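**Student:** One structure follows; several queries about it will come next.
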Amino acid sequence: MTTLILSPLFKLLVSLHLLCYSGYSFAYEGEETTVQDSSMQPSCIPPYKGSEEGTYLKLVDKHGPCSPLIQKGRVNALSDFESLKHDEARIEAIQSRIGKPGLVTLPTANRFIITVGLGTPKKEVSLSFDTGSYLAWTQCKSRSGRYYFRQKHPIFDPSKSRTFSHLKCSSPYCSGSESTCIYPRCKYLSGYGDGTRVEGYYSQDRLALTSSDVIDNFVFGCSENNTGLFNEFEEDGIIGLGQHPLSIVYQTAKKHHKIFSYCLPSKTVVGFLRFGGTTKQSLVYTPIITYKSDTSAYGIGITGIALNGKRLPIPSSLFAKAGAIIDSGTTTSRLPPEIYKPFRDQYRKAMSKYKFVDPKYVGSGYDILDTCHSLGHQKSFKFPRISFLFSGGVSVDIPVPSITYNSTIACFAFSGKPFNGGGFNFIWGQYQQRTLEVEYDLGKGRLGFGYGACK
Ligand SMILES: *[C@@H]1O[C@H](CO)[C@@H](O)[C@H](O)[C@H]1NC(C)=O
Ligand SMILES: *[C@@H]1O[C@H](CO)[C@@H](O)[C@H](O)[C@H]1NC(C)=O
Numbered sequence: 001m002t003t004l005i006l007s008p009l010f011k012l013l014v015s016l017h018l019l020c021y022s023g024y025s026f027a028y029e030g031e032e033t034t035v036q037d038s039s040m041q042p043s044c045i046p047p048y049k050g051s052e053e054g055t056y057l058k059l060v061d062k063h064g065p066c067s068p069l070i071q072k073g074r075v076n077a078l079s080d081f082e083s084l085k086h087d088e089a090r091i092e093a094i095q096s097r098i099g100k101p102g103l104v105t106l107p108t109a110n111r112f113i114i115t116v117g118l119g120t121p122k123k124e125v126s127l128s129f130d131t132g133s134y135l136a137w138t139q140c141k142s143r144s145g146r147y148y149f150r151q152k153h154p155i156f157d158p159s160k161s162r163t164f165s166h167l168k169c170s171s172p173y174c175s176g177s178e179s180t181c182i183y184p185r186c187k188y189l190s191g192y193g194d195g196t197r198v199e200g201y202y203s204q205d206r207l208a209l210t211s212s213d214v215i216d217n218f219v220f221g222c223s224e225n226n227t228g229l230f231n232e233f234e235e236d237g238i239i240g241l242g243q244h245p246l247s248i249v250y251q252t253a254k255k256h257h258k259i260f261s262y263c264l265p266s267k268t269v270v271g272f273l274r275f276g277g278t279t280k281q282s283l284v285y286t287p288i289i290t291y292k293s294d295t296s297a298y299g300i301g302i303t304g305i306a307l308n309g310k311r312l313p314i315p316s317s318l319f320a321k322a323g324a325i326i327d328s329g330t331t332t333s334r335l336p337p338e339i340y341k342p343f344r345d346q347y348r349k350a351m352s353k354y355k356f357v358d359p360k361y362v363g364s365g366y367d368i369l370d371t372c373h374s375l376g377h378q379k380s381f382k383f384p385r386i387s388f389l390f391s392g393g394v395s396v397d398i399p400v401p402s403i404t405y406n407s408t409i410a411c412f413a414f415s416g417k418p419f420n421g422g423g424f425n426f427i428w429g430q431y432q433q434r435t436l437e438v439e440y441d442l443g444k445g446r447l448g449f450g451y452g453a454c455k
């Protein structure tokens, strides 16, 4: 029997293609992918990183078998198609914060979580990891708190932690537009177009990333009045890694030198989030761009797209005009229509020997996808090789060109549904990053990419 399910597909794409390093670009050699009989065996072991520096945390897909939430029966496995629906709410949130610095959360499409320890004695909290926001928050027990999301662990109780304190109004962290001084405490409030609101007091406590990497007086949000979509998600909060003094990346600058990297895994394996240190991998680098409309977002300079090594005839001025960010929380990349259309048309051409299937008949989430093909039951099929070209002359091959739906249908993992992000109209999302090592080096102002860091 042939099974074409997400995880083995990822593994095959990574293992069957010979990686070769040539100057500034990596390339996958060969495009034929053979699908073998394989069952969805989870391998919930983090990738081997023994010889590398830095602090490693396991990163798991919340809806996959390695998730602590699934194991406790708290969330149902969500198909990749179902998760597309949540992209819409995230995009709305991104749009609604244009020119409004200080909004902290982008709930919804996040699906990668880490588990850390908070307080003394420490309590476990599972947090969504998000490069599109900057505050770390969890829900806290409080006499004044009224509205709580459902969550996995018991709600954090500050009165039971010896190292807990409220942040004082005089702290420089209490100065953003989302902050108000309710003497002597500092309150924050964030609200979004999608209806999610998080309200609480900035607090400080000991954060144990791992047993050997402990941060004292870490500033985070203790949310106590929370309403909206996040309720569906069950994790205990969010940890933001955006460009902002409040972000963990800045709070631990002395220790981790504003360097972090991650590998977003496929559903049945464990990836990583690493703070500090350097990788043994050879990475290719492109500069980080900062947009005035959203200074915490990580901008990247996309200059072109190539299919099977051939650059698409889309003027680079269109890419420059669009402006792009890299986001760990949006599932499929969102492209402006004038770039998306010629790109999609070339992909359709390359896939013309497979039967086109109207995405409408495929399932939920179809409204942001428009190109799906039936792969039939053949053991071998071909995807075109897709490369993104970035400023600095860097080219990165996308490990996953399509999302598979049940075992026989593959949909182009990009969307051309327009949105207005202010300074940027192009979001480079999760599917395009999975299995890559992505390193953020804020000190050097650059982003690095490497292949096959996890499966
Ligand atoms: C939460 O809501 C309650 C009831 O409306 C209110 O008394 C309390 O001050 C709110 N908490 C914050 C941090 O604003
Ligand atoms: C996959 O989904 C399509 C569209 O809903 C359906 O026609 C097809 O029979 C399904 N295939 C399998 C193997 O379930």
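Numbering (our numbering), first residue to last: 1 to 455. C-beta atoms are modelled at their ideal positions from N, C-alpha and C, and glycine is treated no differently. A quick note: this is a predicted structure, and the numbers were derived from the prediction, not measured.
(1) Using the rule of at least 16 other Cβ atoms within 10 Å of the residue's Cβ for burial, across every protein chain shown, is serine 223 buried or exposed?
(2) Where does the unbroken beta strand (DSSP E) through valine 116 begin, and where does it stop?
(3) Which of the three DSSP states, helix, strand or coil, is assigned to tyrosine 340?
(4) Less than 9 Å between the C-beta atoms of asparagine 225 and glycine 176, yes or no?
(5) Given a threshold of 16 other Cβ atoms within 10 Å of its Cβ, counted over all protein chains shown, does proline 313 qualify as buried or as exposed?
(6) Could you tell me if tyrosine 201 is buried or exposed, where buried requires 16 or more neighbouring beta carbons within 10 angstroms of its beta carbon?
(7) Are there 16 or more other CB atoms within 10 angstroms of the CB of aspartate 216, so buried, or fewer, so exposed?
(8) Taking the beta strand (DSSP E) that valine 438 falls in, what are its first and last residues?
(9) Are there three or more Cβ pairs, one per stretch, closer than 8 Å when the stretch 379 to 393 is compared with the stretch 284 to 304?
(10) Considering alanine 253, what are the terminal residues of the alpha helix (DSSP H) in which it resides?
(11) Quick check: leucine 167 and glutamate 178, are their CB atoms within less than 9 Å of each other?
(12) Identify the continuous beta strand (DSSP E) that holds serine 179 and give its terminal residues.
(13) Run the proximity test for lysine 141: is its beta-carbon closer than 8 Å to any non-hydrogen atom belonging to ligand 1?
(14) Using CA coordinates, which residue listed in Asp327, Ile339 and Gly323 is at the minimum distance from tyrosine 262?
(15) Where does serine 247 fall in DSSP's three states?
(16) In the DSSP assignment, what residue or residues form a beta bridge with valine 270?
(17) Given serine 161, which residues of its chain have a CB within under 7 Å of its CB, disregarding the five upstream and five downstream residues?
(18) Within the 9 Å Cβ cut-off, does arginine 185 reach chain B?
(19) Per DSSP, what kind of secondary structure is leucine 135 in: helix, strand or coil?
(20) For proline 265, tell me which candidate among Gly452, Cys411, Phe220 and Gly242 has the shortest Cα-Cα distance.
(21) Is isoleucine 91 closer than 9 Å to threonine 330 when the C-beta atoms are compared?
**Tutor:** On the basis of the data shown:
(1) Of the other Cβ atoms in all chains shown, 16 or more fall within 10 Å of the Cβ of serine 223; this residue is therefore buried.
(2) Counting along the chain, the beta strand (DSSP E) containing valine 116 begins and ends at 112 to 118.
(3) If DSSP states are grouped into helix, strand and coil, tyrosine 340 belongs with the helices.
(4) Judged by their CB atoms, asparagine 225 and glycine 176 are not nearer to each other than the 9 Å cut-off.
(5) Residue burial is scored here from C-beta neighbours: proline 313 has fewer than 16 other C-beta atoms within 10 angstroms and is therefore classed as exposed.
(6) With 16 or more neighbouring CB atoms inside 10 Å of its own CB, tyrosine 201 falls in the buried class.
(7) By the neighbour-count rule (16 or more Cβ atoms within 10 Å), aspartate 216 is not buried but exposed.
(8) Element bounds for valine 438: 437 to 441.
(9) Contact between the stretch 379 to 393 and the stretch 284 to 304 is established, with three or more Cβ pairs separated by less than 8 Å.
(10) 253 to 256 is the extent of the alpha helix (DSSP H) around alanine 253.
(11) Glutamate 178 is positioned such that its CB atom lies no closer than 9 Å to that of leucine 167.
(12) In this chain, the beta strand (DSSP E) harbouring serine 179 covers 179 to 182.
(13) Not so, every heavy atom of ligand 1 lies at least 8 Å from the Cβ.
(14) Out of Asp327, Ile339 and Gly323, Asp327 has the C-alpha closest to the C-alpha of tyrosine 262.
(15) Here serine 247 sits in coil by DSSP.
(16) The partner list for valine 270 (beta bridge, DSSP) is empty, contrary to what the question assumes.
(17) Hits under 7 Å: Gly119, Thr120 and Asp205.
(18) Reference to chain B is not applicable here, since this structure consists of a single protein chain.
(19) In the structure shown, leucine 135 adopts coil according to DSSP, grouped into three states.
(20) Nearest option by C-alpha distance: Gly452.
(21) In contact: threonine 330 and isoleucine 91 (Cβ atoms closer than 9 Å).
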